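Working notes, beginning with the structure itself.
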Amino acid sequence: MIESRKRLGQPTIADVAELAGVSRAIASRALSSEPRPVSADKRERVLQAAQELGYKPNLLARSLTTKTVNLVAVVVNHIHDLSDLDLFDLLISEIQSIGKQVIFVRVGSSERIEEFLRSGIAYHVDAALVFSDFANAATVRKMFRNDSVLMLNGMRDGGAPAIIPDELTGIAEAVSDAARKGVRTATLITGRAASPVEQARIGHYKSEMQRNAISLIAEMRGDYSYQSGRRVAASPEWQKSDAVFCTSDAMAMGVLDVHRSVFPENRPAEFRLYGFDDVTLAEYEAYPISSIGYDKTLYISEILRFLTTPELFQSGGMLVQVPTYFVLRSSS
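Under numbering that gives the first Met the number 0, the first residue of the sequence shown is numbered 0, with each subsequent residue one higher.
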């Protein structure tokens, strides 16, 4: 019987248990991603049997008994910014470390969200992590038919907890650094202004510039990407100022490449340059951008706290803030 099922490619948990010489309950415990009691000897026999048979667990069947599928949805606008790569690589690794897998849902626009709803597209997931600012909590609850929604985009309601970096601290340190160095005029290069996070970020920059007697002479729009930083820096609207603040490191890198001639040995000769995100690439000699960052390990540990303690999703409008910091490098 086992050989027959193996040939058909349909081994079951019963087949694994029979080959390992254990009960189905013990085989199930041994193959569970959750820490469940089973002796080391029996676990080893079960794992060996599962490998020999090519057994793969039926997530749907398991979900009927455990009420979980060990899948987490991550809802994003897109993934192209350098900061996305830094964050999501670590996030996926940490989620996998607790026995869950990630599915990415790229929405890209509010129209795309509506398309998901009209088409009835949904995934059975244990929780949804929402980075996209095109999606509010109520919409995501409808998309996944699940109330376990964690907002990471600056948007939240009374039924969804949220985690955000406390950006004012890092921005205040960066602007104060510029003021101490004699900066009196500044240019601000921003991302998508419709984003609640970006709106708050822009507000922090403006209030801190005012507090430090720095005049904002130009506010220019990018989209967080390197290409948009280059485009803005090379545009006819570019004006000279004492400092340029970018709301992403990628845009600051684009600015730096356009104006390399006024950064001899990566040091400012005409204007000081500041980024945001503290991406890994800024640690290398090619792009030593002074930047504002946050502890991504701490940020992700807060996300994991919700995933490993599902009852926290019932905490309503709970807000967790992760502190930011300023990193001084040669561009400023």
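By construction, the Cβ of each residue, glycine as well, lies at the ideal position given by its N, Cα and C atoms.
Bear in mind the structure is a predicted one, so any value in this text is a computation, not a measurement.
Asked	Found
Extent of the continuous alpha helix (DSSP H) run through Arg259	Neither: Arg259 is in no alpha helix (DSSP H) and is coded neither H nor E.
Beta-bridge pairing of Asp156 - partner residues as DSSP gives them	The partner list for Asp156 (beta bridge, DSSP) is empty, contrary to what the question assumes.
Endpoints, the alpha helix (DSSP H) within which Gln47 is located	39-52
Nearest-angstrom beta carbon gap, Ile102 and Leu70 [assumed within contact, 8 Å]	6 Å
Exposure of Thr246, with buried meaning 16 or more beta-carbon neighbours within 10 Å	buried
Ile78 burial status per 10 Å Cβ neighbour count (16 or more: buried)	exposed
Helix, strand or coil at Gln198 according to DSSP, with G and I counted as helix	helix
Straight-line gap, Met219 to Thr186 (C-alpha atoms, nearest Å)	8 Å
Per-residue DSSP class, three states only, for Gln238	coil
Test item: CB-CB of Thr125 and Tyr223 under 8 Å	Looking at the sequence shown, residue 125 is not Thr but Asp. In this structure, Tyr223 does not lie closer than 8 Å to Asp125 by Cβ.
8 Å CB neighbourhood of Val106 in its chain, flanking five on each side removed	Val74, Val75, Asn76, Ile112, Phe115, Ser131, Phe133, Ala134
Of the residues Gln320, Arg155, Glu197, Ser329, the one placed nearest Ala285, counting alpha carbons only	Ser329
Supposed close pair Asp248, Val278 - CB separation, criterion 8 Å	5 Å
Beta-carbon proximity check, Met252 vs Tyr225, cutoff 8 Å	yes
Contact check, Lys184 vs Asp241, beta carbons under 8 Å	Note on residue identity: the sequence assigns Thr, not Lys, to residue 184. Closer than 8 Å, so yes.
Residues near Glu17 in its chain [Cβ-Cβ closer than 6 Å; skip 5 each side]	none
Beta-bridge pairing of Asp367 - partner residues as DSSP gives them	Residue 367 is absent from the structure shown; the chain starts at 0 and stops at 331.
Endpoints, the alpha helix (DSSP H) within which Ser332 is located	No statement about residue 332 is possible, as the shown extent of the chain runs from 0 to 331 and does not include it.
Between the CA atoms of Asp165 and Ala159 - distance to the nearest angstrom	18 Å
Proximity winner among Gly153, His123, Glu207, Glu172, relative to Phe143 (alpha-carbon distances)	His123
Asp88 beta carbon less than 8 Å from that of Leu327	no
The alpha helix (DSSP H) enclosing Glu301, as first and last residue numbers	295-307
Inter-stretch contact (C-beta, 8 Å, three-pair minimum) for the region 10-27 and the region 42-53	yes
Alpha carbon of Ile163 to alpha carbon of Val45, nearest angstrom	43 Å
Three-state secondary structure assigned by DSSP to Val73	strand
Pair within 8 Å by beta-carbon distance, Ile288 and Ala281	yes
Buried or exposed by the 16-neighbour rule on C-beta atoms within 10 Å, applied to Val261	exposed
Test: Ile188 CB closer than 8 Å to a CB of chain B	Among the chains in the structure shown there is no chain B, since it carries only a single protein chain.
Contacting residues, own chain, Cβ-Cβ under 7 Å from Lys180 (five flanking each side not counted)	Arg271
Same chain, Cβ closer than 7 Å to Gly157, five either side skipped, listed in chain order	Gly315, Gly316
Burial state of Leu128 (16 or more Cβ within 10 Å)	buried
Buried versus exposed call for Asp276 [16 or more other C-beta atoms within 10 Å across all chains shown]	buried
Unbroken alpha helix (DSSP H) run spanning Met142, endpoints	136-143
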